[in-house]
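> All residue numbers for the sequence shown refer to the numbering used here, where the first residue is 42 and numbers rise by one.
By construction, the Cβ of each residue, glycine as well, lies at the ideal position given by its N, Cα and C atoms.
These numbers come from a predicted model, not from an experiment.
First the structure, then my questions, so here it is.
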Amino acid sequence: MSGDEQNQDVLQQQLKGKKLSGEKLKRYDSLDLESSRVPDAKKALEWSVILKLAFQSIGVVYGDIGTSPLYVFSTIFPNGVKYEEDILGALSLIFYTITLIPVVKYAFIVLQANDNGDGGTFALYSLICRYSKVGLIPSTQAEDKDVSTFKLDIPDRRTRRASKLKSILESSNFAKFFLLFATMLGTSMVIGDGVLTPCVSVLSAIGGVKAAAPSVMTEGRIVWLAVAILILLFFLQRFGTEKVGYTFAPILCLWFFSIAGIGIYNFVRYDPTVIRALNPKYIIDYFKRNKKDAWISLGGVVMCITGGEALFADVGHFSVRSVQISMCCVTYPALILAYLGQTAYLRKHSDDVTDTFYKNLPHILYWPVFGVAVLAAIIASQALISGTFAIIQQSLALGCFPRVKIVHTSIKYHGQIYIPEINTLLMLACVVVTLAFRTTEKLSNAYGIAVVFVMLLTSCFLVLVMIMIWKTHIIFVIAYILVFGTIELVYLSSVLYKFDQGGYLPLAFAMVLMFIMYVWNYVYRKKYHFELEHKISPEKVKETVDETNYHRLPGLAIFYSELVHGIPPIFKHYVENVPALHSVLVFASVKSLPISKVPVEERFLFRRVKPYDLYVFRCVVRYGYNDVRNEAEPFERLLVERLKQFIRDDCKILIAANANRVSTDESTELENDGSNIDCDKQAENATLLMERDIEVLERAYSVGVVHLVGEQDVIAGKGSNIAKRVVIDYAFNFLKRNLRQSNKVLDIPHKSMLKVGMIYEI
Numbered sequence: 042m043s044g045d046e047q048n049q050d051v052l053q054q055q056l057k058g059k060k061l062s063g064e065k066l067k068r069y070d071s072l073d074l075e076s077s078r079v080p081d082a083k084k085a086l087e088w089s090v091i092l093k094l095a096f097q098s099i100g101v102v103y104g105d106i107g108t109s110p111l112y113v114f115s116t117i118f119p120n121g122v123k124y125e126e127d128i129l130g131a132l133s134l135i136f137y138t139i140t141l142i143p144v145v146k147y148a149f150i151v152l153q154a155n156d157n158g159d160g161g162t163f164a165l166y167s168l169i170c171r172y173s174k175v176g177l178i179p180s181t182q183a184e185d186k187d188v189s190t191f192k193l194d195i196p197d198r199r200t201r202r203a204s205k206l207k208s209i210l211e212s213s214n215f216a217k218f219f220l221l222f223a224t225m226l227g228t229s230m231v232i233g234d235g236v237l238t239p240c241v242s243v244l245s246a247i248g249g250v251k252a253a254a255p256s257v258m259t260e261g262r263i264v265w266l267a268v269a270i271l272i273l274l275f276f277l278q279r280f281g282t283e284k285v286g287y288t289f290a291p292i293l294c295l296w297f298f299s300i301a302g303i304g305i306y307n308f309v310r311y312d313p314t315v316i317r318a319l320n321p322k323y324i325i326d327y328f329k330r331n332k333k334d335a336w337i338s339l340g341g342v343v344m345c346i347t348g349g350e351a352l353f354a355d356v357g358h359f360s361v362r363s364v365q366i367s368m369c370c371v372t373y374p375a376l377i378l379a380y381l382g383q384t385a386y387l388r389k390h391s392d393d394v395t396d397t398f399y400k401n402l403p404h405i406l407y408w409p410v411f412g413v414a415v416l417a418a419i420i421a422s423q424a425l426i427s428g429t430f431a432i433i434q435q436s437l438a439l440g441c442f443p444r445v446k447i448v449h450t451s452i453k454y455h456g457q458i459y460i461p462e463i464n465t466l467l468m469l470a471c472v473v474v475t476l477a478f479r480t481t482e483k484l485s486n487a488y489g490i491a492v493v494f495v496m497l498l499t500s501c502f503l504v505l506v507m508i509m510i511w512k513t514h515i516i517f518v519i520a521y522i523l524v525f526g527t528i529e530l531v532y533l534s535s536v537l538y539k540f541d542q543g544g545y546l547p548l549a550f551a552m553v554l555m556f557i558m559y560v561w562n563y564v565y566r567k568k569y570h571f572e573l574e575h576k577i578s579p580e581k582v583k584e585t586v587d588e589t590n591y592h593r594l595p596g597l598a599i600f601y602s603e604l605v606h607g608i609p610p611i612f613k614h615y616v617e618n619v620p621a622l623h624s625v626l627v628f629a630s631v632k633s634l635p636i637s638k639v640p641v642e643e644r645f646l647f648r649r650v651k652p653y654d655l656y657v658f659r660c661v662v663r664y665g666y667n668d669v670r671n672e673a674e675p676f677e678r679l680l681v682e683r684l685k686q687f688i689r690d691d692c693k694i695l696i697a698a699n700a701n702r703v704s705t706d707e708s709t710e711l712e713n714d715g716s717n718i719d720c721d722k723q724a725e726n727a728t729l730l731m732e733r734d735i736e737v738l739e740r741a742y743s744v745g746v747v748h749l750v751g752e753q754d755v756i757a758g759k760g761s762n763i764a765k766r767v768v769i770d771y772a773f774n775f776l777k778r779n780l781r782q783s784n785k786v787l788d789i790p791h792k793s794m795l796k797v798g799m800i801y802e803i
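In structure tokens form, the structure reads like this:
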């Protein structure tokens, strides 16, 4: 066997699995080759890692819900206890609320709807976008579904209902906009919750000083002490979730041990019969006695599950199993014991309901527990701060938030991040809210609306996931809606009752954030559609170049764009004004997929623009919303290596295609021999061309890389109405001027960067 025949056999083996169809042979390029390289499935975490993450999660996820015993009874009974049995009714409400919402709903149902380990409102939206075409940016490609992390494990039963719902969503523009709007609103509410959590927790904990020494600690001093503690807390965020978690976890463990131990002590000492409150009959009796007042008091009961949504928002920092373990084995038992103990104490001292936590402490343990409570309250803020970072990152990748810097704080655990700008804004907002409201009573009215609304929105998205993706039986879907939907709607109606007493605050936060997100997403979509309508097809690149008296410069130029289909119009603008092209030009379209991570080997997709002697390539660089863009290996080096591989693969496919055509040609044996000779020549020529192309690429890369970044200034088109002009000319451009530019986000070196400006009228 000749050397050429051996090479041909090797190439055939390398391309085994690709279907080549005789005369009508499909030409496979990198968009097919790369997307078919599915890595091995991600191995399950070892139990030692799961337990470490579970320990860390105690210090990050449960601070908010864990410190709720500080203030729950005082918010349920702001005017004191009217009937002694009401205390048992309140305990029964607390027990079933904690059991059903954080444990059953979040720990065992919602966490299963994670997006490759990441949670939050945008994670649910990403799942829905992957399964149905409800995204508003037309940048989808058929090859995206072949990414290993893109695929969904979809059962094949009950598909009719799922398909019907999917077709309704895909055919309705209203449904698409409504889903995006609801996602933005839920995200804004979580961020608003992240502002209120630190204020409520810290003020509640420091209130113990006032109870012990009212003459020394006035309200003003407590407020300023709370402000100092909040500033310190946000300063610590820069050290990352891992260090914060390991630092805070022992304190939270001590806190849970303390409240559980005190709960057992009070339960045994005062009234062990409060265990009968586990009978839901006491809830019914409570409503019969108090009627409207009982319904209003539900706004106080909600405070026992504040921070419950952090289980889902923060799961990307840890893992589903680790969060389930820490919730069921540590947090839940400690909280139930704490509330049992407080109820037993109140049965004998109902007048102390306004300051139940500190009054029920044994005298000898007062100051030690106070110290732990203050530390635990500081930590309580961590849950939603980390959750806010996670959902901002997700919304940023989906074009729904202005560009901000994302710092990955852990090499071991990929989802742990820190966003400096958001951290600073959260800190300022917390300080302002604390100085404005000053007491937990006023803040608790505002707090409940954000908590319940996010939970209800999560349930709505989860129902879509259950029907379309999980293909859950309709009976279970209805049961979920009846149980959890009813509970959350009742709670929402209760917290809205106090809208004018501070409940407007989270909605005000949400509206501001919604405006920012809407402005950015609206112009982002308009700009993308403008580029799509004015794109330059690969066929027109040759015309554009021929019409210009251009020169070739040595080196590699990477032209960045967000346009996936075609070449952006700014290229024509560049060639007309700077008639010089580098020896190799790559149009890199940076694209975010609605998934958390894209494997590096599946990140780059290439196509070649004809004629080949132009050495112009199109490249789609795909990222997930949790991918690290500033990798240790320079971006351009990784791109060049992948481009070389594409050129090799292109050559292999060409040779294999010719060989396959010859083998299927129905002709005489003599003619076949001639064809074989022809095929060998073609294979030799293709190999020479491949070697030449790689040599040109390596020479260009060795000379230097120039990064051409398109800076599109956007203005409202002629005839636009006032609202559109305000959104585009003022609001969007204000955000763009005051936030990070694309070169900072992509970490492009300044020395080799050239910005190309163009004005888009949209």
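(1) For the alpha helix (DSSP H) that contains D334, what are its first and last residues?
(2) What are the boundary residues of the alpha helix (DSSP H) that F442 is part of?
(3) How big is the Cα-Cα spacing for R279 and P461?
(4) For Y563, which option in T429, A772, H791, W408 has the closest C-alpha, if you only look at C-alpha atoms?
(5) Apart from the five residues on each side of it in sequence, which residues of its chain come closer than 7 Å, Cβ to Cβ, to D197?
(6) For E64, count neighbouring Cβ atoms within 10 angstroms of its own Cβ and tell me buried if that reaches 16, exposed if not.
(7) Look at F442 and W561 and say whether their C-beta atoms are less than 8 Å apart.
(8) In whole angstroms, what separates the C-alpha of I117 from that of L132?
(9) Inspect the CB distances between the segment 323-331 and the segment 118-138 and report whether three or more fall short of 8 Å.
(10) Determine, using beta carbons only, whether V473 and V343 come nearer to each other than 8 Å.
(11) Classify R479 as helix, strand or coil using the three-state DSSP reduction.
(12) For F502 versus L165, is the C-beta distance shorter than 8 Å?
(13) Helix, strand or coil for P675? Go by DSSP, reduced to three states.
(14) Looking at chain C, is there any beta carbon in it that lies within less than 8 Å of the beta carbon of R566?
(15) Taking one C-beta from the segment 719-737 and one from the segment 673-691 each time, how about it: are there three or more such pairs within less than 8 Å?
(16) So the candidates are R649, F645, L655, I557; which of them puts its Cα closest to the Cα of H592?
(17) Write down every uninterrupted run of the beta strand (DSSP E) in the segment 609-651 whose length is 3 residues or greater and which is fully enclosed by it, in chain order.
(18) How about S367 and A95: do their beta carbons lie closer than 8 Å?
(19) At which residues does the alpha helix (DSSP H) containing M368 begin and terminate?
(20) Locate the beta strand (DSSP E) running through V662, then write down its first and last residues.
(21) Would you kindly work out how many angstroms separate the C-alpha atoms of A245 and T397, rounded to a whole number?
(22) In terms of alpha-carbon separation, which member of L273, V364, I346 lies closest to L152?
(23) Measure the Cβ-Cβ separation of C294 and I99 and say whether it is below 8 Å.
(24) Measuring alpha carbon to alpha carbon, tell me which of R766, F149, Y653, C240 ends up nearest W265.
(25) How is the alpha helix (DSSP H) around P547 delimited, first residue to last?
(26) Nearest to I150 by alpha carbon, out of S115, R444, V506?
(27) On the CB-based measure, 16 or more other CB atoms within 10 Å of its CB, does G341 come out buried or exposed?
(28) Compute the Euclidean distance between the alpha carbons of R689 and L730, then round it to the nearest angstrom.
(29) Evaluate D50 with the Cβ neighbour count: other Cβ atoms within 10 Å of its Cβ, from every protein chain shown; 16 or more gives buried, anything less gives exposed.
(30) Would a C-beta distance cut-off of 8 Å place V495 and E350 closer than the cut-off?
(31) I'd like to confirm the pairing. Which residues does DSSP put opposite K685 in its beta bridges?
(32) Following the continuous beta strand (DSSP E) through A598, name the residue where it begins and the one where it ends.
(33) Helix, strand or coil, according to DSSP, for L402 in the structure here?
(34) State the DSSP-derived secondary structure class of Y327, mapped to helix, strand or coil.
(35) Would you say T499 and I463 are within 8 Å of each other, going by their C-beta atoms?
(36) Does DSSP classify K123 as helix, strand or coil?
Judging by the given coordinates:
(1) 333-342
(2) Segment: none, F442 is in no alpha helix (DSSP H) and carries neither H nor E.
(3) 8 Å
(4) A772
(5) Since pLDDT at D197 reaches only 48, below the 50 mark, its modelled position is unreliable, and no value is offered.
(6) Confidence is the limiting factor: at E64 the pLDDT is only 35, short of 50, which leaves the residue's position unreliable, though a coordinate-based value still follows. Classification for E64: exposed.
(7) yes
(8) 10 Å
(9) yes
(10) no
(11) coil
(12) yes
(13) coil
(14) Protein chain content of the structure displayed is limited to a single chain, and chain C is not contained in it.
(15) yes
(16) L655
(17) 621-633, 645-650
(18) yes
(19) Looking at the DSSP string, M368 is not in any alpha helix (DSSP H), and its letter there is neither H nor E.
(20) 657-664
(21) Looking at the sequence itself, residue 245 is Ser, so the reference to Ala does not match. Distance between the alpha carbons of S245 and T397: 12 Å.
(22) V364
(23) yes
(24) C240
(25) 545-574
(26) V506
(27) buried
(28) 10 Å
(29) Bear in mind that a pLDDT of 49 at D50, under 50, signals an unreliable position, so the number given afterwards is only what the model happens to contain. Exposed is the call here.
(30) yes
(31) Answer is none; K685 lacks a bridge partner.
(32) 592-602
(33) coil
(34) helix
(35) no
(36) coil
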